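Okay, structure first, notes after.
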Amino acid sequence: MTSRPLALDSLCARLNPWLKERLRTDAEALAKVAVDESGLPPGRAGAVVFPKNTAEVARIAAEASALGIAVVPRGAGTGKSGAAMPQNGELVVDLSQMNRLLALMPHDQYAVVEPGLITGDFHQAVAEVGYFYPPDPGSWESCTLGGNIATNAGGPRAVKYGVTQRYVWGLQIVTMRGDVLRFGRRSIKGVAGLDLTSLLVGSEGTLGIITEATLHIVPAPEAVETAWFSFADLFAASRAGEALFAAGLVPRMMELLDQAALDTVRKVAPFRIPEPAGAALLIEMDGSPARATADLERAAEIILAAGASDSALAKNEKEREAMRRTRRLVSSALKEAYPFKMSDDIAVPRSQMVPLLEQAKAAGASTAHLVCAYGHLGDGNLHMNLLARSAEERQHAGPLRHRIVELAVSLGGTISGEHGLGLTKRELLPLEQTTSVIALQRQIKQVFDPQGLLNPGKVWPDV
Ligand code: 2HG
Ligand code: ZN
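The opening position of the sequence shown corresponds to residue 1067 in our numbering, with each subsequent residue numbered one higher.
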């Protein structure tokens, strides 16, 4: 359902007296919320509001519902799939001003946050009391916890600690009707009723607007050790990664960079990438100081025996962060060099990583498209970037992208390991799920949002 300008005008007239300067319809504000980091052409917002609390969100939703206006909830706009992009003049509910840390309870191992809190600020606050919030999406310096929950975000540390869902104990949401619902738990255990918290995590703003979350925090590991390994090619790097797991080690980070990623990030990398290198692995181990050191030494032995040509051990936190940051910068460095790149986040069972890489690279070579592979090797979750310098190149890469995504599914994997479907991957969902499974999800959507007004046109393919 799309919004009618007249209805939107009436809505603005009703919201304006109490939201005032927090209701914006000027071109600058609308342009800002019309994009994300997906590389899709800008969408179109009708208006944007910046609520400050749950009661305001509830009133906005109820007023929009009454007038049949569609609503798009939004965090920092760092998403990669268009999930927070308005398309047809919707009302964007920007939650960035709801950014308080409401409670920090280390002994009970939880914190209560508002959705607009920046993930990196939360990491910092939790670290100050000796605790640790593991999810670390690449954009943690600017993304919000609400966006992380809405997309069930991952990140490098997921290989040991899991993704966002593992840390969401409870939620408060506002439905499109304007009802405020609270579910989940603040205790370590809690199994009452259906697990609505998990249903909402990763629902990409289609079921409810998250206005508060109870997040699990864990004691911080005492020590972290980090090393960078170079390889002749990415297949050797991938096999070395497998050897580590086969030996029973569980790294807290195992990131892969192929040659194209290394060549592109080298110019901006705070870590001096050894040359020559056809691929690299970034490995981290944590635990007690003795454990972290022993595990990294063992990992280095295994990885060097498996064919690494070179290794560099970070000597302090500054060097560790330089290595991690070098990996984090790959996405933006590629974007700078190839502004029309297409990024995916397929995932396969770890054992299928070498076949996936071999077949995807071969498919790229046969179509003369540059395929860059990097990401979370330890999770079997890779960012296959189809590098493009123009809109035409991007369009030409479409069939290859389809082939690679199909390949991931045929290897027992998924079309999206961490970024969500939004607009960019919704049409691919039938590759992975049957019509009945998709229909069941539409029924659930109907229960939460009978008028179909909340973040319309996302996640599921057109019928
Ligand atoms: C990362 O792991 C992010 O760097 C972004 O998930 C991936 O832009 C990308 O392809
Ligand atoms: Zn990633």
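Ideal placement from N, C-alpha and C gives every residue a C-beta, glycine not left out. These numbers were taken from a predicted model, which means no experiment stands behind them.
Spanning the alpha carbons of V1284 and M1320 requires a straight line of approximately 21 Å. For R1492, the number of other beta carbons within 10 angstroms of its own is at least 16, and it is reported as buried. For D1202, the shortest separation between its Cβ and any heavy atom of the ligand ZN does not lie below 7 Å. Inclusion of S1397 in the 7 Å shell around the ligand 2HG follows from its C-beta lying nearer than that to a non-hydrogen atom of the ligand. L1423 places its beta carbon less than 8 Å from that of A1439.
For F1337, there is no enclosing beta strand (DSSP E), as DSSP marks it with neither H nor E. Taking C-beta separations shorter than 6 Å and ignoring five residues to either side along the sequence, the partners of L1081 in its chain run L1089, following chain order.
Taking a 10 Å sphere around the C-beta of H1442, we find 16 or more other C-beta atoms and assign the residue as buried. Within a 10 Å sphere around the beta-carbon of S1131 sit 16 or more other beta-carbons, which makes this residue buried. A Cβ-Cβ distance of about 7 Å is found for the pair D1515 and L1273, placing them in contact under the 8 Å criterion.
DSSP places C1209 in the coil class of the three-state scheme, outside both helix and strand. Excluding five sequence positions before and after G1228, none of the CB atoms of its chain fall closer than 6 Å to its own CB.
Between V1123 and the set A1142, V1159 and I1215, the nearest pair of CA atoms involves V1159. Exclusion of the five residues before and after S1377 leaves A1293, W1294, F1295, S1296, A1366, I1369 and L1370 as the residues of its chain whose Cβ lies within less than 8 Å of its Cβ.
Using a cutoff of 7 Å, the CB of R1492 does not count as near the ligand 2HG, since none of the ligand's heavy atoms is closer than that. Only exposed fits Q1512, as fewer than 16 other CB atoms lie within 10 angstroms of its CB.
The shortest CA-to-CA distance from K1384 to any of A1403, A1219, G1464 and F1337 is the one to F1337. The straight-line gap separating the alpha-carbon atoms of K1407 and V1099 is approximately 21 Å. In the structure shown, the three-state DSSP call for M1164 is coil. For H1468, there is no enclosing beta strand (DSSP E); the residue is found in the alpha helix (DSSP H) stretching over G1464 to S1476. Annotation for V1234: I1215, T1263, V1267, A1279 and L1281 place their beta carbon closer than 7 Å to its own, counting only its chain and skipping 5 residues before and after. According to the DSSP assignment, Q1418 belongs to no beta strand (DSSP E), since it is labelled neither H nor E.
Distance from the C-beta of E1387 to the nearest heavy atom of the ligand 2HG is not below 7 Å. Residue range V1437 to H1442 is occupied by the beta strand (DSSP E) that includes Y1440. Nearest to E1291 by C-alpha distance, out of P1421, L1453, K1381 and V1257, is K1381. Beta-bridge analysis with DSSP links M1320 to I1349. In the three-state reduction of the DSSP assignment, S1409 falls in the strand class, which pools E and B. When rounded, the separation of the alpha-carbon atoms in G1446 and A1289 is 25 Å. Ranked by Cα distance from L1400, the first of F1249, L1452 and D1352 is L1452.
Straight-line spacing of the CA atoms in Q1153 and A1142 works out to 17 Å. Residue state for V1284 is assigned as strand, using DSSP reduced to three classes. The secondary-structure analysis by DSSP pairs N1451 across a beta bridge with S1409 and C1438. No heavy atom of the ligand 2HG is found nearer than 7 Å to the CB of N1521. The Cβ atoms of T1330 and P1181 lie no closer than 8 Å to each other.
Contiguous beta strand (DSSP E) elements confined to the stretch 1172-1208 occur at 1176-1179, taking only those with 3 or more residues. Assignment of E1270 by DSSP, reduced to helix, strand and coil, places it in the coil class.
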